[in-house]
Ligand code: 3PG
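Numbering (our numbering), first residue to last: 240 to 447.
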């Protein structure tokens, strides 16, 4: 599988922060029950690697690793079972490692220089992060002019309110964000709310 297959199957990628790997299985079940078949488990807690391992063994959910900022994390994520890697910014070592190991990779890029780097490595998909703080849709539209071959995955400030607007853009392939499975909902064990948010999100994604 390459990153375009991951993104085509998943118009919305939940970005999750797990404080305790024991929640990984229930979170996967909650997302799947709402129709979402992937999760980006971020390396923002020490539970990340173990959460990725547990989630991958638990179900058919496609588990990615997020907030991957160095090569050690990239290797740990893949060894733990991550099927794709997401970075908040651009790191050539991680891109090279992923390409050498055939791991789908989504680097972050919000300006022309980083888009040129991504293109020079043969990448056609980037995470546009932090989307709203970086100027949102007007900036994506401006960058789409010189980069018609690039597809964006805006993340950061996306919510159920602005999702439809982002997904309607011809160069937005998918959106990511934490609103479906917030850290708080996971910590509280409110998995039925996560299922409800997943289903409501997919309803919006289906209208594009
Ligand atoms: C990410 O890492 O992709 C972001 O932290 C998600 O941003 P959000 O919390 O605004 O959705």
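Virtual Cβ for every residue (Gly too), placed ideally from N, Cα, C.
* To do: Taking all protein chains shown into account, decide if residue 310 is buried (16 or more other Cβ within 10 angstroms of its Cβ) or exposed.
  => In the chain shown, residue 310 corresponds to position 71, counting from 1. Classification of residue 310: exposed, given that the 10 Å Cβ count is below 16.
* Distance, Cα to Cα, residue 322 vs residue 441? -> Position 83 of the chain shown, counting from 1, holds the residue named residue 322. Position 202 of the chain shown, counting from 1, holds the residue named residue 441. If I take the Cα positions, the gap works out to 22 Å.
* What is the residue span of the beta strand (DSSP E) that residue 459 lies within? -> Since the first residue of the chain shown is 240 and the last is 447, residue 459 is not available in this structure.
* To do: Report buried or exposed for residue 240, applying the criterion of at least 16 other Cβ atoms within 10 angstroms of its Cβ.
  => Residue 240 sits at position 1 when you count from the first residue of the chain shown. With fewer than 16 other Cβ atoms within 10 Å, it is exposed.
* Mind reading off the beta-carbon distance from residue 282 to residue 304? Whole number of angstroms is fine, and I expect it under 8 Å. => What you label residue 282 is simply residue 43 of the chain shown in a count that begins at 1. What you label residue 304 is simply residue 65 of the chain shown in a count that begins at 1. Yes, residue 282 and residue 304 are in contact; Cβ-Cβ is about 6 Å, under 8 Å.
* Asked: What residues in its chain sit with their C-beta under 6 Å from that of residue 288, if we drop five residues either side in the sequence?
  -> If you number the chain shown from 1, residue 288 lands on position 49. Around residue 288: 315, 319.
* **Where residue 407 falls: helix, strand or coil (DSSP)** => Along the chain shown, read from residue 1 onward, the residue named residue 407 stands at position 168. Of the three classes helix, strand and coil, the one that applies to residue 407 here is coil, per DSSP.
* Flag residue 396 as yes when its Cβ comes closer than 7 Å to any non-hydrogen atom of ligand 1, and as no otherwise. => Translated into positions along the chain shown, residue 396 becomes position 157. Yes, since a heavy atom of ligand 1 falls inside the 7 Å radius drawn around the Cβ of residue 396.
* Asked: Looking at the unbroken alpha helix (DSSP H) that takes in residue 430, where does it start and where does it end?
  -> To locate residue 430, count along the chain shown from 1; it is residue 191. Residue 430 -> alpha helix (DSSP H) spans 430 to 445.
* **Where residue 377 sits in the DSSP three-state scheme** => As a first step, residue 377 is located in the chain shown; it is residue number 138 there, counting from the start. In this structure, residue 377 counts as helix in the three-state DSSP scheme.
* Asked: What did DSSP end up calling residue 329 once you bin it into helix, strand or coil?
  -> In the chain shown, the residue the question calls residue 329 occupies position 90. Residue 329 falls in the coil class under three-state DSSP.
* Pick helix, strand or coil for residue 281, following the three-state DSSP scheme. => Numbered from 1 along the chain shown, position 42 holds the residue referred to as residue 281. In this structure, residue 281 counts as strand in the three-state DSSP scheme.
* Flag this pair as touching only if the stretch 250 to 262 and the stretch 424 to 439 have three or more C-beta atom pairs under 8 Å; answer yes or no. => yes
* Asked: Does the distance from the CB of residue 251 to the CB of residue 414 come in under 8 Å?
  -> Taking the first residue of the chain shown as position 1, residue 251 is located at position 12. Taking the first residue of the chain shown as position 1, residue 414 is located at position 175. For residue 251 and residue 414, yes; Cβs fall inside 8 Å.
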